[in-house]
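Student: Mind looking over this structure? Questions follow.
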Amino acid sequence: MSRRQIYAHFDRHSQQARQMRARDLEAVERTVHSESAEEIDLGYRQVRLAAVRFPIFDEAGRITALCTQATELGRPGLQATAPSAADAMGRADEGVMITDARGVILTVNAAFTRITGYSLQDVAGKLPSILQSGLHSQEFYERLWLSLAEHGRWQGEIQNRRKSGEIFPEWLTIYAVKGADGEVQSYIAIFGDSSARQCVEFMTMHDGLTGLPNRKLLMERLSDCIADARRRRDSLAVMLIDLDNFKDINDSLGHDVGDLLLQQVAERLRRCLCDAHTLARAGGDEFAVIVRSLTIDEIRRLAAHTLDYLSGSFCIRGHELSGAASIGISLFPEDGDTATGLLQNADTALYEAKAQGRNRFRFFAAEMQALVQQRMTLEAGLRAAIDNDRFEVVYQPQTALAGGELVGAEALLRWKDPVLGDVPAARFIPAAVEAGLIVTLSEQVLAKVLSRIALWRRQGLMPPRISINVAAQQLREPHFVEHVCELLETRGVPPAAICLELTEGSLMEDLEGASQMLSRLTEHGIAISIDDFGTGYSSLAYLGRLPIHELKVDQSFVRGIAGEANKRSIITAIIDMAHALGMQVLAEGIETEDQLAFLKDQHCEMGQGYLFHRPLSAEAFERLFVPCGGPPPRASAPAARVVS
741 MSRRQIYAHF
751 DRHSQQARQM
761 RARDLEAVER
771 TVHSESAEEI
781 DLGYRQVRLA
791 AVRFPIFDEA
801 GRITALCTQA
811 TELGRPGLQA
821 TAPSAADAMG
831 RADEGVMITD
841 ARGVILTVNA
851 AFTRITGYSL
861 QDVAGKLPSI
871 LQSGLHSQEF
881 YERLWLSLAE
891 HGRWQGEIQN
901 RRKSGEIFPE
911 WLTIYAVKGA
921 DGEVQSYIAI
931 FGDSSARQCV
941 EFMTMHDGLT
951 GLPNRKLLME
961 RLSDCIADAR
971 RRRDSLAVML
981 IDLDNFKDIN
991 DSLGHDVGDL
1001 LLQQVAERLR
1011 RCLCDAHTLA
1021 RAGGDEFAVI
1031 VRSLTIDEIR
1041 RLAAHTLDYL
1051 SGSFCIRGHE
1061 LSGAASIGIS
1071 LFPEDGDTAT
1081 GLLQNADTAL
1091 YEAKAQGRNR
1101 FRFFAAEMQA
1111 LVQQRMTLEA
1121 GLRAAIDNDR
1131 FEVVYQPQTA
1141 LAGGELVGAE
1151 ALLRWKDPVL
1161 GDVPAARFIP
1171 AAVEAGLIVT
1181 LSEQVLAKVL
1191 SRIALWRRQG
1201 LMPPRISINV
1211 AAQQLREPHF
1221 VEHVCELLET
1231 RGVPPAAICL
1241 ELTEGSLMED
1251 LEGASQMLSR
1261 LTEHGIAISI
1271 DDFGTGYSSL
1281 AYLGRLPIHE
1291 LKVDQSFVRG
1301 IAGEANKRSI
1311 ITAIIDMAHA
1321 LGMQVLAEGI
1331 ETEDQLAFLK
1341 DQHCEMGQGY
1351 LFHRPLSAEA
1361 FERLFVPCGG
1371 PPPRASAPAA
1381 RVVS
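Here it is in structure tokens:
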């Protein structure tokens, strides 16, 4: 060979090496396998190869090596595999197994033998099922092959069995190698014994508190289930389960109690749902269930059964807690054909279930989106109003029915939003509760009222007792009493200047805790009133246990005085009962002289309503005050008496 021929030979091979190097770098940069058809000049003949390059990853997802496998076109199997591919198989720390298009094992590397215990002689000519542990369902393998057919690649953790019979976890990547005609020629499986990394992988894909799949794994499984349902033309649904009032439990009893509740709820859901459904913790106190192959009626029964199963109480560290929940349901493909879409619409249905009273389930409907948008707009407006102090306190005067004197007032909240306009309290108070803003809002009102009372007193005015509504969530605040007393002290307002109003429902959520809280308030000289009495429990048992000064008869009974004998009987019974327990009675919503006359005949002490005054601004209200030195307003309540 002449010197020129030698130089030309090296130039050709140098150019081929640069081309191969460029393809190697491209596969590494793209981090996915790549396929190419290549020609190699061996000097004595040209070789046409179908090559596949695939990166090998470590536990952290970093590329540690690049494996190249090449098959000579026109020759079967791996007889013409490039030496570089053979070298890669020999050096790789991961096990490598190569099969033909039918899945028959052609060759394995030394790492395969070290990890599994099987030599090449043990497995050559056999199927990879020789490694199967029996722990995976047929659907698992169907999804694996579907991924190979659609994407040319599958990756995930799998439980396999060594030659010794020991089951071990491995992180497996399978590539489908296709020829120039697009047909699969072989499969390459690369894996490593993931026993050491199994804990990390589990923690990455599972919730540390409950052990359930986390949101990441939920999204992966939901995507797989959608693909499977689409292929099978099968039904699929997503149920989002959210605990009612979980935030209140967390805030009042601590996160450790909340965590224990979540664990017990997860365990109860495991028992309630069959293995065919995937249960996951979507986040916070929200759980998700992927429901497969059920009719609408079956899904409805499953949701109702789940609510019943959770409705029983949970006993945690001496606390008896409610596990009541709400459920939102979306269906594939009617309500979405992606994992994200189905979860979003299930969340919308969940929002609607909570808005309609909680402890119920709702299927997604298109019109819900408009309602959710309205609620989101209202919530955003609420947050802005709280941040920018846009709420106004007005005062509904309270009058002594016998003599007509001003004896008090109820502080009421008004909201005029620059975008939403006048928003009634019946709309924004429930929204504040739902958004978790009611405590912040109520504390703002309390501070505003006390500041106004302090201002009136500095001006030499003598305001009557002001009643301030307290939310149920405030009673669960462990330092609520201290907070109220601190506000009174810093503003120089005597405790007798205010009365705190609570609803029956707020007391009955934790009667023992409420009793202790109210006792502490009354010890400081603060009067307690039960608002809307008669619409809730109306139980002598709880009335006798609580230090209550005043009962407020709900206006729905007052309105029925004229034509409904049963309403008159209820009012008479409430007044007699209150007096027997040493309490005063105030009737709400008095609008006619007939109502006033009946209430006076029954010895009801006080009343409020349009017959006397509409709610007034602070400036208008102060014009009703008795000047200093005049007769004191009849605002002070009698001492609370607890009847055993």
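As numbered in this note's numbering, the sequence shown has no gaps in its residue numbers, which increase by one up to the final residue, 1384. Don't be surprised by glycine CBs; every beta carbon is placed ideally from N, CA and C.
#1: Less than 8 angstroms separating the beta-carbons of Pro1287 and Ser1259?
#2: Could you check whether the segment 1026-1043 touches the segment 962-974, counting it as contact only if at least three pairs of C-beta atoms, one from each stretch, sit closer than 8 angstroms?
#3: Would you tell me roughly how many angstroms separate the C-alpha atoms of Pro1158 and Cys1012, rounded to the nearest one?
#4: Identify the residues that DSSP records as bridge partners of Pro953: which are they?
#5: Please classify Ala757: is it buried, with 16 or more other beta-carbons within 10 angstroms of its beta-carbon, or exposed?
#6: Under the rule that 16 or more other beta-carbon atoms within 10 Å means buried, what is Cys1344, buried or exposed?
#7: Looking at the structure shown, is Cys965 part of a helix, part of a strand, or coil, going by DSSP?
#8: Going straight from the alpha carbon of Ile966 to that of His1059, what length do you get?
#9: Using the Cα positions of Ala762 and Val997, report the straight-line distance between them to the nearest angstrom.
#10: Quick check on the DSSP output: the beta strand (DSSP E) that includes Met837 runs from which residue to which?
#11: Could you check where the beta strand (DSSP E) with Pro1170 kicks off and where it finishes?
#12: May I ask you to list the residues that DSSP assigns as paired with Leu1034?
#13: Check whether the Cβ atoms of Gln1136 and His1353 lie closer than 8 angstroms to each other.
#14: Mind checking who Asp1162 pairs with in its DSSP beta bridge?
#15: From Val917 to Thr839, what does the alpha carbon distance come to, in whole angstroms?
#16: Name the DSSP beta bridge partners of Ile898, please?
#17: Could you have a look at Asp1129 and say whether DSSP puts it in helix, strand or coil?
#18: Could you work out which residue in Ala1320, Arg1216, Leu1195, Asp1162 is closest to Lys987 when comparing CA atoms only?
#19: Classify Phe1273 as helix, strand or coil using the three-state DSSP reduction.
#20: Excluding five sequence neighbours on each side, which residues of the same chain lie with their C-beta closer than 6 angstroms to the C-beta of Leu867?
#21: Kindly indicate which three-state DSSP category Gly814 falls into: helix, strand or coil?
#22: Ignore the nearest five residues each way along the sequence and tell me which others in Cys1225's own chain have a CB closer than 7 angstroms to its CB.
#23: Starting from Val848, trace the alpha helix (DSSP H) both ways and give me its first and last residue.
#24: Are Phe1273 and Ile1314 closer than 8 angstroms when you measure CB to CB?
#25: I'd like the list of long-range same chain contacts for Lys1094, defined as Cβ closer than 8 angstroms, with 5 residues on each side in sequence excluded.
#26: Out of Ser887, Leu1141, Ser1269, which has the shortest C-alpha to C-alpha gap to Phe968?
#27: Please confirm if the segment 1330-1347 is in contact with the segment 1296-1306, defined as three or more CB-CB distances below 8 angstroms between the two stretches.
#28: By a C-beta neighbour count over all protein chains shown, 10 Å radius and 16 as the cutoff for buried, is Thr1018 buried or exposed?
#29: With 8 angstroms set as the bound, which would you pick, yes or no: does the beta-carbon of Leu1111 sit closer than that to a beta-carbon of chain C?
#30: How about Glu1241 and Ser1207: are their beta carbons less than 8 angstroms apart?
#31: Can you tell me where the alpha helix (DSSP H) holding Ala1211 begins and where it ends?
#32: Assuming Gly1020 and Leu952 form a contact by the criterion Cβ under 8 angstroms, report the distance between their Cβ atoms to the nearest whole angstrom.
#33: Can you check DSSP and say which residues form a bridge with Cys1055?
#34: From which residue to which residue does the beta strand (DSSP E) around Thr1018 run?
#35: Determine which residues share a DSSP beta bridge with Phe880 and list them.
#36: Out of His876, Gly919, Glu834, Gly896, state which residue places its alpha-carbon closest to the alpha-carbon of Glu778.
Tutor: Checking against the coordinates, here is how it stands:
#1: In the sequence shown, counting from the first residue as 1, residue 1287 sits at position 547. In the sequence shown, counting from the first residue as 1, residue 1259 sits at position 519. Yes, the pair counts as a contact, with Cβ atoms nearer than the cut-off.
#2: yes
#3: Within the sequence shown, residue 1158 is the residue found at index 418, counting from 1. Within the sequence shown, residue 1012 is the residue found at index 272, counting from 1. Straight-line Cα distance between these residues: approximately 48 angstroms.
#4: Reading the sequence shown from its first residue, position 213 is the one you call residue 953. Pro953 pairs with His946.
#5: As a first step, residue 757 is located in the sequence shown; it is residue number 17 there, counting from the start. Result: exposed.
#6: Working through the sequence shown from its first residue, we reach residue 1344 at position 604. Classification of Cys1344: buried, given that the 10 Å Cβ count is 16 or more.
#7: Here residue 965 corresponds to residue number 225 of the sequence shown, with the count starting at 1. It is helical.
#8: Counting from 1 along the sequence shown, the entry for residue 966 is found at position 226. Counting from 1 along the sequence shown, the entry for residue 1059 is found at position 319. Answer to the nearest angstrom: the Cα atoms are 41 angstroms apart.
#9: Position 22 of the sequence shown, counted from the start, is the residue given in the question as residue 762. Position 257 of the sequence shown, counted from the start, is the residue given in the question as residue 997. Rounded to the nearest angstrom, the two C-alpha atoms are 59 angstroms apart.
#10: Along the sequence shown, one-based indexing puts residue 837 at 97. Taken as a continuous stretch (DSSP letters only), the beta strand (DSSP E) holding Met837 covers 835-840.
#11: For the purposes of this step, residue 1170 is taken as residue 430 along the sequence shown, with counting starting at 1. Unbroken run through Pro1170 is the alpha helix (DSSP H), 1165-1174; no beta strand (DSSP E).
#12: As a first step, residue 1034 must be located in the sequence shown, where it is residue number 294. DSSP output for Leu1034 lists no bridge partner at all.
#13: Within the sequence shown, the letter at position 396 stands for residue 1136. Within the sequence shown, the letter at position 613 stands for residue 1353. Yes. Within cutoff.
#14: As a first step, residue 1162 is located in the sequence shown; it is residue number 422 there, counting from the start. Partner(s): Lys1156.
#15: Here residue 917 refers to the residue found at position 177 of the sequence shown. Here residue 839 refers to the residue found at position 99 of the sequence shown. C-alpha separation (whole angstroms): 10 angstroms.
#16: Sequence index remark: in the sequence shown, residue 898 carries index 158 (1-based). Bridge partners of Ile898: Glu910.
#17: If you number the sequence shown from 1, residue 1129 lands on position 389. Coil at Asp1129, not helix or strand.
#18: As a working note, residue 987 is residue 247 in the sequence shown. The option with the nearest alpha carbon to Lys987 is Arg1216.
#19: As a position in the sequence shown, residue 1273 is number 533, starting the count at 1. Phe1273 falls in the strand class under three-state DSSP.
#20: As a working note, residue 867 is residue 127 in the sequence shown. Here the set comprises Gly843.
#21: As a first step, residue 814 is located in the sequence shown; it is residue number 74 there, counting from the start. Summary for Gly814: the model assigns pLDDT 47, below 50, so the residue's position carries little reliability, and this model does not support an answer.
#22: As a working mapping, residue 1225 is identified with position 485 in the sequence shown. Result list for Cys1225: His1264, in chain order.
#23: Working through the sequence shown from its first residue, we reach residue 848 at position 108. No alpha helix (DSSP H) holds Val848; the beta strand (DSSP E) holding it covers 845-848.
#24: By one-based count along the sequence shown, residue 1273 stands at place 533. By one-based count along the sequence shown, residue 1314 stands at place 574. Contact: yes.
#25: Taking the sequence shown and counting its residues from 1, one reaches residue 1094 at position 354. Excluding residues within five positions, the ones whose Cβ falls inside 8 angstroms are Asp982, Asp984, Ser1066, Glu1174.
#26: Residue mapping note: residue 968 aligns to position 228 of the sequence shown, counting from 1. The amino acid at residue 968 is misidentified as Phe; the sequence shows Asp. Answer by Cα proximity: Ser887.
#27: yes
#28: To locate residue 1018, count along the sequence shown from 1; it is residue 278. Answer is buried; the Cβ neighbour count reaches 16.
#29: You won't find chain C in this structure, because it holds only one protein chain.
#30: For the purposes of this step, residue 1241 is taken as the residue at position 501 of the sequence shown. For the purposes of this step, residue 1207 is taken as the residue at position 467 of the sequence shown. A contact, by the Cβ cut-off of 8 angstroms.
#31: Locating residue 1211 in the sequence shown gives position 471, counting from the first residue. It is not in any alpha helix (DSSP H) - Ala1211 carries neither H nor E in the DSSP assignment.
#32: In the sequence shown, counting from the first residue as 1, residue 1020 sits at position 280. In the sequence shown, counting from the first residue as 1, residue 952 sits at position 212. The amino acid at residue 1020 is misidentified as Gly; the sequence shows Ala. Confirmed, Cβ separation roughly 5 angstroms.
#33: Within the sequence shown, residue 1055 is the residue found at index 315, counting from 1. Answer by DSSP bridge pairing, in chain order: Glu1060.
#34: Residue 1018 sits at position 278 when you count from the first residue of the sequence shown. Its beta strand (DSSP E) spans residues 1018-1023.
#35: Taking the first residue of the sequence shown as position 1, residue 880 is located at position 140. Note: Phe880 sits in no beta bridge, so no partner.
#36: Within the sequence shown, numbered from 1, the residue matching residue 778 stands at position 38. The residue with the shortest Cα to Cα distance from Glu778 is Gly919.
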